[in-house]
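A quick write-up on the structure given underneath.
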DNA sequence: TTGTAGGCGTTATCAG
DNA sequence: CTGATAACGCCTACAA
């Protein structure tokens, strides 16, 4: 016997579908005996409501969509974990799509989720994104939306972020406190807000400590990879041998820098100090262990889901919901590279 | 205007829902002018079929479920990427759940997916799993199923795997070729088939090279973590100072071993050689760089989805489908630790 | 070429 | 306490 339906239970018991439905859903206006026999039979036949029908009826899928640039990424996979754990606790499932840092994909993925009629969407923008008209479309369609990490400030949705500027400021101040006088920054791509903010934090820290800002000491990643870290490390040493500190946009890049230094017998932290960002697992297994900025990725995922849920619920109850911005704390983790 | 339906288009145009539906679906028995006006209006109103209704009607959701032990894991996140990319190409979306290596969760996750009526399920079992009766339930329900990596041989589903025994055999043979005479093995937990197979490959390689197998040289992980690697490294050095080679169940553990050795000035590969498994990204950034066994994770994900798709399609067409087992190749990657 | 009618399975309303 | 009926939106025989 394949899929048990209310109808089958009703027929077997010689009662109406309505009554079966009510009994199963715990309505009070059902005779105790009727209820019992329904429950019993349903249990025995392993009745399972047809979710397609339930979706159609209730106009909700109990499913949310998540769009991220990259799944294979320590930060994002932790966020994913936070989201799916929290979602599951609340009876939601999560469809995951990746934009691969491409606007075109990102747009397509969003379209897929909209078509699927997910109850809400959580997104971290791709590096390419800068004119995200397709995001406002989500809002127009009144689909609850939460942005996290790489966000667009222009889109009026809830946001879960860290204060990138402040975090970068602290990271660079840490280098300065450790004695660095000439600090290079390997920054992220031009578009993403968090790369911009980290850069601004870097600049501000220099200024506040009376170190003059030199644009020549800023290197811009396009792909934010391990290889770019290596390449820029080489360039830095070649062009500015007196640089004594480097602040890298993310640990992956910092680890690339470290690999280059290790290969070329440049001592860290003696010759040059290095700090990364994000606290990837990797950063504790390299030598010297990398100092970095811890970013609460798992927590970010949890919070992102919870805000989304609030909005979903508000929408269901027809209550107006004003977007919230949640800012999570970061901490400097001092290890051996500074 | 919120959700456009066929009905609205029909009413606006003063024709029947049927005709609108047909026009939209490219049926030939629709007047050219009617079709045009329908298409035009649909386009203008951004008509989007209600997927809930479509699901109910067609009895398929174009969604598959994926259950894995851990999202934050280099191997698994690559598999995820392979699966979602391939799924998307074929018009499927992927719901991801994690079992956190717990049978209880695993069972629950599967139940959720079954309730959701996903079109198919891909799973890699948790380490705890050894009596997976809930899996056969999936098969009884005739939901297409593919197992990968950590599988149960007893369940008659399609499988995408590597030959763990052979791969381990090669890894250990590599150590022997490099001159190791006394090789320890840090193995995975007792249950998972792949831990068993890797252990058997280790044992066979020793035997084939006339090195007597010593059960004392086998250390069993429970959690397969970086820390366990450190702990076992310490135990190995303490109890068997003459061990000159170690084969670790996975790179994460091997990196833990390396960390201990680095901290204690034990030289790799001079004093002791070390090989890991899986080729995590991390293995190329530690020093010395870790030799390992490359496991085609992304490819595994792709293949897993494709077999699943075959089965889904066979089921739709009512054709019988016999489970397939796909075995992917692995390669030894020699770096600096051997 | 167009439209009517029935059904997918559930839920909610309302009358009995 | 029970059940008939309609509706969610789409699809598809079948009839006109």
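Residue numbers (my numbering), protein chains in the order written: chain A, 21 to 358; chain B, 21 to 358.
Virtual Cβ for every residue (Gly too), placed ideally from N, Cα, C.
Start-to-end residues for the alpha helix (DSSP H) that takes in residue 20/B: No answer is possible for residue 20/B: the residues shown for chain B start at 21 and end at 358.
Looking only at DSSP bridge pairs, what is residue 140/A linked to? By one-based count along the first chain, residue 140/A stands at place 120. DSSP output for residue 140/A lists 84/A as bridge partner(s).
With DSSP run on the structure shown, which of helix, strand or coil describes residue 167/B? Taking the first residue of the second chain as position 1, residue 167/B is located at position 147. Correct three-state label for residue 167/B: strand.
With 8 Å as the threshold, decide whether the Cβ of residue 155/A is near any Cβ in chain B. As a position in the first chain, residue 155/A is number 135, starting the count at 1. Not one chain B Cβ lies under 8 Å of residue 155/A.
Label residue 147/A either buried or exposed according to how many other C-beta atoms from any shown protein chain fall within 10 Å of its C-beta, with 16 as the threshold for buried. Position 127 of the first chain, counted from the first residue, corresponds to residue 147/A. Classification of residue 147/A: buried, given that the 10 Å Cβ count is 16 or more.
To the nearest angstrom, how far is it from the Cα of residue 61/A to the Cα of residue 69/A? As a first step, residue 61/A is located in the first chain; it is residue number 41 there, counting from the start. As a first step, residue 69/A is located in the first chain; it is residue number 49 there, counting from the start. Distance between the alpha carbons of residue 61/A and residue 69/A is about 14 Å.
Is the Cβ of residue 137/B closer than 8 Å to any Cβ of chain A? Position 117 of the second chain, counted from the start, is the residue given in the question as residue 137/B. True, the Cβ-Cβ gap to chain A drops below 8 Å.
Ordered along the chain, which non-local residues of its own chain (more than five positions away) have a Cβ less than 6 Å from that of residue 50/A? As a working mapping, residue 50/A is identified with position 30 in the first chain. Once the five neighbours on either side are set aside, the close Cβ partners of residue 50/A are 42, 43.
Where are the beta strand (DSSP E) runs, 3 residues long or more, that stay fully inside the segment 271 to 326 of chain A, in chain order? 293 to 295, 312 to 314
Decide if residue 174/B is buried, meaning its Cβ has at least 16 other Cβ atoms within 10 Å, or exposed. Counted from its first residue, the second chain places residue 174/B at position 154. The residue is exposed, with fewer than 16 neighbouring Cβ atoms inside 10 Å.
For residue 86/B, the nearest candidate out of 93/B, 144/B, 346/B (CA to CA): If you number the second chain from 1, residue 86/B lands on position 66. That would be 144/B, whose Cα lies nearest to the Cα of residue 86/B.
Against chain B: residues of the segment 67 to 81 of chain A by CB proximity under 8 Å: 68, 69, 70, 71, 72, 73, 75, 76, 79, 81
Counterpart residues of residue 114/A in DSSP-defined beta bridges: Start at 1 with the first residue of the first chain, and residue 114/A comes out as number 94. 84/A.
Would you mind telling me which residues of chain B sit closer than 9 Å to residue 225/A, beta carbon to beta carbon, in chain order? As a working mapping, residue 225/A is identified with position 205 in the first chain. Result: empty, since nearest Cβ-Cβ is about 27 Å, beyond 9 Å.
Which chain A residues are close to residue 302/B, counting only those with a beta carbon under 7 Å from its beta carbon? On the second chain, residue 302/B is found 282 positions in, with the first residue counted as 1. Those are 302, 305, listed as they occur along chain A.
Exposed or buried, which one is residue 315/A when buried takes at least 16 other CB atoms within 10 Å? Residue mapping note: residue 315/A aligns to position 295 of the first chain, counting from 1. Buried.
Kindly indicate the opening and closing residues of the alpha helix (DSSP H) around residue 67/B. As a working mapping, residue 67/B is identified with position 47 in the second chain. From DSSP, residue 67/B is part of no alpha helix (DSSP H); its letter is neither H nor E.
With DSSP as the reference, please indicate the residues paired to residue 178/A in a beta bridge. As a first step, residue 178/A is located in the first chain; it is residue number 158 there, counting from the start. Paired residues: 166/A.
Secondary structure of residue 21/A, DSSP reduced to three states: Residue mapping note: residue 21/A aligns to position 1 of the first chain, counting from 1. Any answer about residue 21/A is weak, because its pLDDT of 47 lies below 50 and its placement is not dependable; what the coordinates show is given next. Three-state DSSP puts residue 21/A in coil, outside helix and strand.
Quick check: is the beta carbon of residue 64/B nearer than 8 Å to any beta carbon in chain A? For this step, residue 64/B is matched to residue 44 along the second chain. It does not; no Cβ of chain A falls within 8 Å.
Rounded distance between the beta-carbons of residue 273/B and residue 241/B, thought under 8 Å: What you label residue 241/B is simply residue 221 of the second chain in a count that begins at 1. What you label residue 273/B is simply residue 253 of the second chain in a count that begins at 1. That pair is a contact at about 6 Å.
Please report the distance separating the alpha-carbon of residue 259/A from that of residue 237/A. Start at 1 with the first residue of the first chain, and residue 259/A comes out as number 239. Start at 1 with the first residue of the first chain, and residue 237/A comes out as number 217. The alpha-carbon atoms of residue 259/A and residue 237/A are separated by roughly 9 Å.
Residue 238/B lies in the beta strand (DSSP E); which residues open and close that run? Counting from 1 along the second chain, the entry for residue 238/B is found at position 218. Residues 238 to 240.
Does the beta-carbon of residue 253/B have 16 or more other beta-carbons within 10 angstroms, so that it is buried, or is it exposed? One-based indexing of the second chain puts residue 253/B at position 233. Label assigned to residue 253/B: buried.
Are residue 178/B and residue 74/B touching if we call contact CB-CB under 8 Å? Stepping through the second chain from its first residue, residue 178/B is reached at position 158. Stepping through the second chain from its first residue, residue 74/B is reached at position 54. Contact flag unset, no.
Strictly below 8 Å CB to CB, what residues from chain B border residue 132/A? Translated into the one-based positions of the first chain, residue 132/A becomes position 112. Within chain B, the residues near residue 132/A are 108, 113.
What residue range does the alpha helix (DSSP H) around residue 260/A cover? As a working mapping, residue 260/A is identified with position 240 in the first chain. Neither: residue 260/A is in no alpha helix (DSSP H) and is coded neither H nor E.
Looking at the unbroken alpha helix (DSSP H) that takes in residue 347/A, where does it start and where does it end? Stepping through the first chain from its first residue, residue 347/A is reached at position 327. It is not in any alpha helix (DSSP H) - residue 347/A instead sits in the beta strand (DSSP E) that spans 345 to 348.
Distance, Cα to Cα, residue 218/B vs residue 200/A? Against the second chain, residue 218/B aligns to sequence position 198. Against the first chain, residue 200/A aligns to sequence position 180. Straight-line Cα distance between these residues: approximately 49 Å.
Give me the Cα-Cα distance between residue 34/A and residue 67/A, rounded to the nearest whole angstrom. On the first chain, position 14 is the one that residue 34/A refers to. On the first chain, position 47 is the one that residue 67/A refers to. Cα to Cα, the separation comes out at about 17 Å.
Count the other CB atoms, across all protein chains shown, that sit within 10 Å of the CB of residue 39/B; report buried if there are 16 or more and exposed otherwise. The sequence position of residue 39/B within the second chain is 19, counting from 1. That one is buried.
How many angstroms separate the CA atom of residue 301/A from the CA atom of residue 197/A? Translated into the one-based positions of the first chain, residue 301/A becomes position 281. Translated into the one-based positions of the first chain, residue 197/A becomes position 177. Distance between the alpha carbons of residue 301/A and residue 197/A is about 25 Å.
Is there a Cβ from chain B that is less than 8 Å from the Cβ of residue 100/A? The count along the first chain starts at 1 and reaches residue 100/A at position 80. Closer than 8 Å to some Cβ of chain B, the Cβ of residue 100/A qualifies, so yes.
Let me confirm a value: residue 225/B is counted as buried when at least 16 other C-beta atoms fall within 10 Å, else exposed. Which label applies? Taking the first residue of the second chain as position 1, residue 225/B is located at position 205. Buried: at least 16 other Cβ atoms inside 10 Å.
Helix, strand or coil: which one does DSSP assign to residue 207/B? Numbered from its first residue, the second chain carries residue 207/B at position 187. Three-state result, residue 207/B: strand.
Can you give me the Cβ contacts of residue 350/A inside the same chain, cut-off strictly under 7 Å, excluding the 5 residues immediately before and after it? Position 330 of the first chain, counted from the start, is the residue given in the question as residue 350/A. If we look at residue 350/A and ignore the five residues flanking it on each side, its Cβ neighbours are 182, 187, 313, 314, 315.
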